[in-house]
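Numbering (the working numbering), first residue to last: 431 to 711. Worksheet: one structure, shown below.
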């Protein structure tokens with residue numbers, strides 16, 4: 431029996447990822463991620479000579495395509511954020527994990543056979559070190575990042591970002607993947623934060639405000655702070671300025687909240703663009 435052709439059967443379905451890509455910015459008002467600070471923290475924690483992290487722009491991956499092009503086998507780490515729905519996943523080729531192990535443990539010696547259990551334990555160690563480095567920069571702001579035991583990743587559309595990590599001339603390529611639920615949760619959370627902001631238009635257009643520059647931080651008790659006097663030498667836990675030079679990265683804050691990141695150049699501050707917030711016209 432011959433079936434009648436379906437009307438409009440020739441029309442091709444547009445992938446959902448293309449429609450979602452029209453949302454700018456893709457993560458709403460989520461503050462820019464301080465990649466330079468993370469790289470500096472990881473360099474110190476893992477004792478690299480140099481470490482640089484270059485992120486791509488976020489883009490939607492279709493169902494089942496979140497890890498496309500990464501090869502196999504992959505190791506996947508799953509995270510959640512307290513009070514938010516959904517998950518964040520990080521994928522990295524297992525071959526690159528072995529390369530990191532050689533770099534950190536062997537220090538240039540001849541590679542040796544590595545047991546699978548030992549490699550799993552090393553990935554756990556590396557994950558905890560990265561989480562510690564992220565917590566040092568307090569990101570996401572006022573939210574707690576948690577490691578999940580079950581690393582199984584659903585076969586759904588994901589918001590993905592590729593990272594190019596260069597450590598002591600070795601290049602690694604992990605990928606960050608954010609679920610649809612987490613994307614909605616982050617956008618909703620920071621929209622609410624924005625609605626509760628002290629400075630909103632039209633009043634904000636008529637107000638002069640004081641913007642602070644943060645180039646480092648340390649932690650002092652109340653008793654220690656009372657003893658501090660002008661001219662005292664205080665060791666900082668973190669500093670983004672280059673010693674002996676009038677240059678480095680600073681964070682511009684308003685009412686204690688980070689609003690922009692800048693780079694000091696020739697006694698001026700250049701506002702740094704972040705790929706999460708760049709709008710193409």
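Glycine included, every Cβ here is placed at the ideal spot set by N, Cα and C.
query, result
"Using a Cβ distance threshold of 8 Å, determine whether the stretch 645 to 657 contacts the stretch 516 to 534, with at least three qualifying pairs required.", "no"
"Which residues share a DSSP beta bridge with residue 578?", "508"
"Sorry if obvious, but does the Cβ on residue 694 come closer than 7 Å to a heavy atom of the ligand SAH?", "Ligands are entirely absent from the displayed structure, and the ligand SAH is therefore not among its contents."
"When we look at the beta-carbon of residue 560 and count the other beta-carbons within 10 Å, is it buried (16 or more) or exposed?", "buried"
"Run through the stretch 471 to 520 for me and flag every whole alpha helix (DSSP H) of 4 or more residues, listed as ranges in chain order.", "none"
"Among 487, 690, 574 and 678, which residue has its Cα nearest to the Cα of residue 641?", "690"
"Below 8 Å on the Cβ atoms is my contact criterion, and I expect residue 586 with residue 493 to pass it. Report the Cβ-Cβ distance as a whole number of Å.", "6 Å"
"Does residue 533 come out as helix, strand or coil in the three-state DSSP assignment?", "helix"
"Give the range of the beta strand (DSSP E) segment to which residue 653 is assigned.", "Run containing residue 653: none in the beta strand (DSSP E); it sits in the alpha helix (DSSP H), 652 to 657."
"Could you tell me how far apart the beta carbons of residue 590 and residue 496 are, in whole angstroms, since I believe they sit closer than 8 Å?", "6 Å"
"Could you tell me the alpha carbon to alpha carbon distance between residue 657 and residue 665, rounded to whole angstroms?", "15 Å"
"Residue 699 lies in the beta strand (DSSP E); which residues open and close that run?", "698 to 701"
"Given this structure, state the Cα-to-Cα distance separating residue 618 from residue 574, to the nearest angstrom.", "16 Å"
"Pull up the CB-CB distance for residue 677 and residue 695, whole angstroms please, since I reckon it's below 8 Å.", "6 Å"
"Roughly how far, in whole angstroms, is the beta-carbon of residue 485 from the beta-carbon of residue 504, given that I think they are within contact range, below 8 Å?", "Not confirmed; about 19 Å, so no contact."
"So residue 576 and residue 511 are in contact, right, with Cβ under 8 Å, and what is the actual spacing, rounded?", "7 Å"
"Going by Cα to Cα distance, which pick from 572, 584, 592 and 474 is closest to residue 616?", "572"
"Spatial neighbours of residue 520 within its chain, please: CB distance less than 6 Å, with the 5 preceding and 5 following residues excluded, ordered by chain position.", "507, 604 and 606"
"Under the rule that 16 or more other beta-carbon atoms within 10 Å means buried, what is residue 702, buried or exposed?", "exposed"
"Helix, strand or coil, according to DSSP, for residue 573 in the structure here?", "coil"
"Note the first and the last residue of the continuous alpha helix (DSSP H) segment covering residue 595.", "No alpha helix (DSSP H) contains residue 595, which is instead part of the beta strand (DSSP E) from 588 to 597."
"How about residue 679 and residue 693: do their beta carbons lie closer than 8 Å?", "yes"
"Go ahead and label residue 513 buried or exposed: buried means 16 or more other beta carbons lie within 10 angstroms of its beta carbon, across all protein chains shown.", "exposed"
"Three-state secondary structure (DSSP) at residue 585?", "coil"
"Would you kindly report the start and end of the unbroken alpha helix (DSSP H) that includes residue 559?", "546 to 566"
"Going by DSSP in three states, residue 617 sits in which element: helix, strand or coil?", "helix"
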